[in-house]
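Before any comments, here is the structure.
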Amino acid sequence: MYEQVSHSLLNQILTDLKPEIHEEDLRHFYTRLGANFYSIYSLFTVLYGKRDDFQRQMQKLVETMARQYIQRPDHLKESDIARGQDHNWFLSQEWVGMAQYPDGYAKNLPELQQRVHYFLELGVNMVHLMPMLVCPKGASDGGYAVSDFRRIDQRFGSLEDLQNLAGEFHKHGILLTLDVVLNHTSNEHEWARKAREGSSKYQDYYYIFDNREVPDMFEVTMPEIFPETASGNFTWDEEMGKWVMTVFNSFQWDLNYSNPAVFIEMLDIILYWANQGADILRLDAVAFLWKKIGSICQNEREAHLLLQLMKDCCQVSAPGVLFIAEAIVAPVEIIKYFGEDAINAKECEIAYNATYMALLWDAVATKNARLLNQGIKSLPDKLERATWLNYVRCHDDIGLGYDDNDIRAVDYEPRAHRQFLIDYYTGKYADSLSRGLPFGHNDKTGDSRISGSLASLVGLEAALDLGDQAEIDNAIKIILLLHGMIMSFGGIPLLYYGDELGTLNDTSYLEDPAKANDSRWTHRPRINWDKAQLRNSPGTVEYRLFSALKKMIAVRKEIAAFADFNNRELLDVGNPHLFVFARFKYAQPTSRVLVVANFDSSPQHLHLRDIERKAYFRNGAIRDLYSGEKPAMFKEELVIPPYRFYWLTDQ
Ligand code: GLC
665 MYEQVSHSLL NQILTDLKPE IHEEDLRHFY TRLGANFYSI YSLFTVLYGK RDDFQRQMQK
725 LVETMARQYI QRPDHLKESD IARGQDHNWF LSQEWVGMAQ YPDGYAKNLP ELQQRVHYFL
785 ELGVNMVHLM PMLVCPKGAS DGGYAVSDFR RIDQRFGSLE DLQNLAGEFH KHGILLTLDV
845 VLNHTSNEHE WARKAREGSS KYQDYYYIFD NREVPDMFEV TMPEIFPETA SGNFTWDEEM
905 GKWVMTVFNS FQWDLNYSNP AVFIEMLDII LYWANQGADI LRLDAVAFLW KKIGSICQNE
965 REAHLLLQLM KDCCQVSAPG VLFIAEAIVA PVEIIKYFGE DAINAKECEI AYNATYMALL
1025 WDAVATKNAR LLNQGIKSLP DKLERATWLN YVRCHDDIGL GYDDNDIRAV DYEPRAHRQF
1085 LIDYYTGKYA DSLSRGLPFG HNDKTGDSRI SGSLASLVGL EAALDLGDQA EIDNAIKIIL
1145 LLHGMIMSFG GIPLLYYGDE LGTLNDTSYL EDPAKANDSR WTHRPRINWD KAQLRNSPGT
1205 VEYRLFSALK KMIAVRKEIA AFADFNNREL LDVGNPHLFV FARFKYAQPT SRVLVVANFD
1265 SSPQHLHLRD IERKAYFRNG AIRDLYSGEK PAMFKEELVI PPYRFYWLTD Q
């Protein structure tokens, strides 16, 4: 029944469209639309089927896909076809990413283009440029409050500059990742302005209320995202005389996706950036897309349906483009953003592995891998053709989003343990050299998160101030250990710009009133390119980190077992300080690499007999692929020095 309705509607829409588009070669468009239409129609019906304007909106959706397909440049259409033929291309171990603020890495886009050689030098071949669109002059949540989804802020350059940069990236085999901030606009966006002027059409783009009745109902169950700076989830707009839902900051108005017009506008924006040459789109804050009274308004089923619909539509117009889900939510929830009950990823092909990130930070503070092992054991397998984005630091805070059951399973008390971590990373704990800053402290719940650059969090800043060579060495080892973990786990490692040089906290944000109350700015650096030259001077921190990471990246790219096909086995070795897992080459289980990491400040031993399938290692022939050396052995025991990792093979 559904099928019949959807087919006759499709035929009608295509007949209506024909006069406009008959000139074009729409062969691929028609094939893909045919293949995806049933799913698109079904999802659109579940979400919007009860509306009177359903048919008209459905028509508009198809028009949007067709128009963007027609506008898609030929070279991108060719790349869509090539990627379709090699559809697991992004699971390869050859991808290594870096995230950055374009104006922190360079002055603007043309200057960034001059610095492409730096990515090539390090081995980075996927670059995520954080938002650079027009946004409010003062506070703009680091550009995540967008005032015009299609206009690059002139501080960064022009659209042409971005297209040139995309061209340069592609010439060198670098993937371009851009943000699409789906959940909200700034309060200066044209839609918000029109809503404020009284347009009911645009008031329907947001959640706007005359009085506190509905907002109060929402507030009962909605948590606060930025409790210190933006308490509550609604803001009174004086000019409009109404309340607006603002889950993040007061100047970020949440979009109302129960209105199909909003969905279509945002799909159009996704396809627009796909057509400017983005290979990957990072969909910001996707957990928040659907709001429901009585819920926490995160991870709602409809948020998943919206993403599935976006993916299906993108499959029609720009199928080579991947989505990254930025969903920093509970471990069991994150995995759902790949899509559920499907063989192939049906929502986002890539998701931030916030679970692994937070667990790694736990291992550093506790100097053991108990919670890390437990948390990874609880992590369900992903779908096929889906991959993690593994990272240590990013532009955001570190949230302590562990599963309480996992914390209890390793004999900690959740609240006390989280407090320990906050104390440790803010340097309050006696034994800690960490210089992190608290972020997002919530007086009501006692929750807190952590800001700080990687180097400052692992004690490098304090060690340099103390002139303590041993602690400097330790901090460097921990930075490399953490990177060794994200490079071998399975997924795309995402470095954060500046970490490859040991960039410390930057407190200059405190002088800018628009930033002073947001400690995340302490780890959003402006690269000092004179200092970066030290990466060529042996003995310096910059050299030690940069050259080691460069080597690590090069070695990773050679290890086929590091490609991501859910080919990882966690090994319980009975030593709480060690995190040990095996990676298998796809379809060749005997070709494996054993990853062994010691989070402790003392050397640890691992009895090779303790490892299952020991037979794969021919005694004495073990080699660490990262260092190229034979690891230290004592009798049958492998010795792992403090804060060291091995990528072991016998081949
Ligand atoms: C994402 C961004 C973060 C921003 C938030 C609201 O989580 O990474 O920086 O504050 O979305 O847009």
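Okay, so the sequence shown: first residue is 665 according to my numbering, each after it adds one.
We treat Cβ as the ideally placed atom computed from N, Cα and C, and that holds for glycine.
Original post:
Based on Cα-Cα distance, which residue from K724, F693, L690, V710 lies nearest to I677?
Top reply: As a first step, residue 677 must be located in the sequence shown, where it is residue number 13. With distances taken between Cα atoms, I677 lies closest to K724.
Original post:
Helix, strand or coil for Y1066 per DSSP?
Top reply: On the sequence shown, position 402 is the one that residue 1066 refers to. Judged by DSSP in its simplified three-state form, Y1066 adopts coil rather than helix or strand.
**OP:** For F912, verify whether its CB is less than 7 angstroms away from any heavy atom of the ligand GLC.
**Re:** Your numbering for residue 912 matches position 248 in the sequence shown. Yes - the ligand GLC has a heavy atom lying nearer than 7 angstroms to the Cβ of F912.
Original post:
Does the ligand GLC have even one heavy atom less than 7 angstroms from the beta-carbon of A806?
Top reply: For this step, residue 806 is matched to residue 142 along the sequence shown. At residue 806 the sequence reads Gly, which differs from the Ala that was named. G806: yes, Cβ under 7 angstroms from the ligand GLC.
**OP:** Would you kindly work out how many angstroms separate the C-alpha atoms of V996 and R1079, rounded to a whole number?
**Re:** Position 332 of the sequence shown holds residue 996. Position 415 of the sequence shown holds residue 1079. Those two C-alpha atoms are separated by around 20 angstroms.
Original post:
Considering W855, what are the terminal residues of the beta strand (DSSP E) in which it resides?
Top reply: Indexing the sequence shown from 1 puts residue 855 at position 191. Unbroken run through W855 is the alpha helix (DSSP H), 854-860; no beta strand (DSSP E).
Original post:
Between V791 and I734, is the Cβ-Cβ spacing less than 8 angstroms?
Top reply: Counting from one through the sequence shown, the residue named residue 791 turns up at place 127. Counting from one through the sequence shown, the residue named residue 734 turns up at place 70. No, Cβ-Cβ distance for V791 and I734 is not below 8 angstroms.
Original post:
Between which two residues does the alpha helix (DSSP H) harbouring R715 extend?
Top reply: For the purposes of this step, residue 715 is taken as residue 51 along the sequence shown, with counting starting at 1. Here R715 belongs to no alpha helix (DSSP H), and DSSP marks it neither H nor E.
Subject >> Rounded separation between L1272 and Q757 - CA only >> reply: Looking up residue 1272 in the sequence shown gives position 608. Looking up residue 757 in the sequence shown gives position 93. C-alpha separation (whole angstroms): 27 angstroms.
Original post:
Taking the alpha carbon of R1057 as the point to measure from, which residue in T1051, G1162, D1129 has its own alpha carbon closest?
Top reply: Residue numbering aside, residue 1057 sits at position 393 when the sequence shown is read from its first letter. When each option's Cα is compared against that of R1057, the closest is G1162.
Original post:
Could you check where the alpha helix (DSSP H) with R815 kicks off and where it finishes?
Top reply: Here residue 815 refers to the residue found at position 151 when the sequence shown is read from its first residue. Careful: R815 lies outside any alpha helix (DSSP H), inside the beta strand (DSSP E) at 812-816.
Original post:
Near Y1290, what residues of its chain come up, given a Cβ to Cβ distance below 8 angstroms and the 5 sequence neighbours on each side ignored?
Top reply: Stepping through the sequence shown from its first residue, residue 1290 is reached at position 626. Once the five neighbours on either side are set aside, the close Cβ partners of Y1290 are G1148, K1215, M1216, V1219, F1309, Y1310, W1311.
**OP:** For D918, name the three-state secondary structure that DSSP assigns.
**Re:** Counted from its first residue, the sequence shown places residue 918 at position 254. D918: strand per DSSP, three-state reduction.
Original post:
So what does N1054 bridge to, in DSSP terms?
Top reply: Taking the first residue of the sequence shown as position 1, residue 1054 is located at position 390. P1157, per the DSSP bridge assignment.
Original post:
Can you find a heavy atom of the ligand GLC that lies under 7 angstroms from the Cβ of H853?
Top reply: Here residue 853 is taken as the residue at index 189 of the sequence shown, counted from 1. No.
Original post:
Which one or two residues does DSSP pair with V791 in a beta bridge?
Top reply: Reading the sequence shown from its first residue, position 127 is the one you call residue 791. Answer by DSSP bridge pairing, in chain order: M762, L840.
Subject >> Entirely enclosed alpha helix (DSSP H) segments - the region 1067-1118, minimum 4 residues >> reply: 1068-1073, 1078-1089
**OP:** Just the C-alpha distance for N913 and R860, rounded to the nearest angstrom, thanks.
**Re:** For this step, residue 913 is matched to residue 249 along the sequence shown. For this step, residue 860 is matched to residue 196 along the sequence shown. Whole-angstrom Cα-Cα distance: 18 angstroms.
Original post:
Between L1159 and G761, is the Cβ-Cβ spacing less than 8 angstroms?
Top reply: For the purposes of this step, residue 1159 is identified with residue 495 of the sequence shown, where counting begins at 1. For the purposes of this step, residue 761 is identified with residue 97 of the sequence shown, where counting begins at 1. In this structure, G761 lies closer than 8 angstroms to L1159 by Cβ.
Subject >> T1171 - partner residues in DSSP beta bridges >> reply: Walking along the sequence shown from the start, residue 1171 turns up at place 507. None; T1171 has no bridge partner.
**OP:** Taking Y712 as the reference, give the member of I1143, S922, P1295 with the closest Cα.
**Re:** As a first step, residue 712 is located in the sequence shown; it is residue number 48 there, counting from the start. Minimum Cα distance to Y712 is reached at S922.
Original post:
What first and last residue would you give for the alpha helix (DSSP H) that runs through D1194?
Top reply: Position 530 of the sequence shown, counted from the first residue, corresponds to residue 1194. Counting along the chain, the alpha helix (DSSP H) containing D1194 begins and ends at 1193-1196.
**OP:** Tell whether a beta-carbon distance below 8 angstroms holds between G1003 and Q979.
**Re:** Within the sequence shown, the letter at position 339 stands for residue 1003. Within the sequence shown, the letter at position 315 stands for residue 979. The Cβ-Cβ distance between G1003 and Q979 does not fall below 8 angstroms.
Original post:
Taking just the CA atoms, how far does V810 sit from W917?
Top reply: Looking up residue 917 in the sequence shown gives position 253. Looking up residue 810 in the sequence shown gives position 146. Their backbone Cα atoms lie some 10 angstroms apart in a straight line.
Subject >> Extent of the continuous alpha helix (DSSP H) to which F898 belongs >> reply: Within the sequence shown, residue 898 is the residue found at index 234, counting from 1. Per DSSP, F898 belongs to no alpha helix (DSSP H); it is in the beta strand (DSSP E), 898-901.
Subject >> Cβ-based burial, E1175 [other Cβ within 10 Å; buried from 16] >> reply: The sequence position of residue 1175 within the sequence shown is 511, counting from 1. With fewer than 16 Cβ atoms within 10 Å of its Cβ, E1175 is classed as exposed.
Original post:
Starting from Y1310 and walking both ways along the beta strand (DSSP E), at which residues does that stretch end?
Top reply: Along the sequence shown, one-based indexing puts residue 1310 at 646. Unbroken beta strand (DSSP E) run through Y1310: 1309-1313.
Original post:
Leaving out five residues before and five after A1322 in sequence, what residues of the same chain have Cβ atoms less than 7 angstroms from its Cβ?
Top reply: The structure shown does not extend to residue 1322, since the chain is modelled only from 665 through 1315, so no value can be given for it.
Original post:
By the 10 Å Cβ neighbour count, where 16 or more other Cβ atoms means buried, how is N1169 classified, buried or exposed?
Top reply: If you number the sequence shown from 1, residue 1169 lands on position 505. With a 10 Å radius around the Cβ and a threshold of 16 neighbouring Cβ atoms, N1169 comes out buried.
Original post:
What's the C-alpha gap between A967 and D1095?
Top reply: As a working mapping, residue 967 is identified with position 303 in the sequence shown. As a working mapping, residue 1095 is identified with position 431 in the sequence shown. Approximately 43 angstroms between the Cα atoms of the pair.
**OP:** Measure from the alpha carbon of Y1076 to the alpha carbon of each residue in I1150, Q1268, Q1038, P1044, then state which is nearest.
**Re:** As a position in the sequence shown, residue 1076 is number 412, starting the count at 1. Comparing Cα positions, the closest option is Q1038.
Original post:
What runs of the alpha helix (DSSP H), each 4 residues or longer, lie entirely inside the region 946-1006?
Top reply: Entirely contained in the region 946-1006, the alpha helix (DSSP H) runs reaching 4 residues are, in chain order, 965-981, 995-998.
**OP:** Can you tell me the Cβ-Cβ gap for L1118 and I1140, rounded? I've got them flagged as a contact below 8 angstroms.
**Re:** As a position in the sequence shown, residue 1118 is number 454, starting the count at 1. As a position in the sequence shown, residue 1140 is number 476, starting the count at 1. Rounded, the Cβ-Cβ distance is 11 angstroms, inconsistent with contact.
Subject >> Closer than 7 angstroms: H1059 CB and nearest the ligand GLC heavy atom >> reply: Against the sequence shown, residue 1059 aligns to sequence position 395. Correct: H1059 has its Cβ closer than 7 angstroms to the ligand GLC.
Subject >> Distance, W907 Cα to N621 Cα >> reply: Outside the shown range of the chain, which is 665 to 1315, sits residue 621, and nothing can be said about it.
Subject >> Exposed unless 16 or more other CB atoms sit within 10 angstroms - verdict on I745 >> reply: Taking the first residue of the sequence shown as 1, we reach residue 745 at position 81. Counting Cβ neighbours within 10 Å, I745 comes out exposed, since fewer than 16 surround it.
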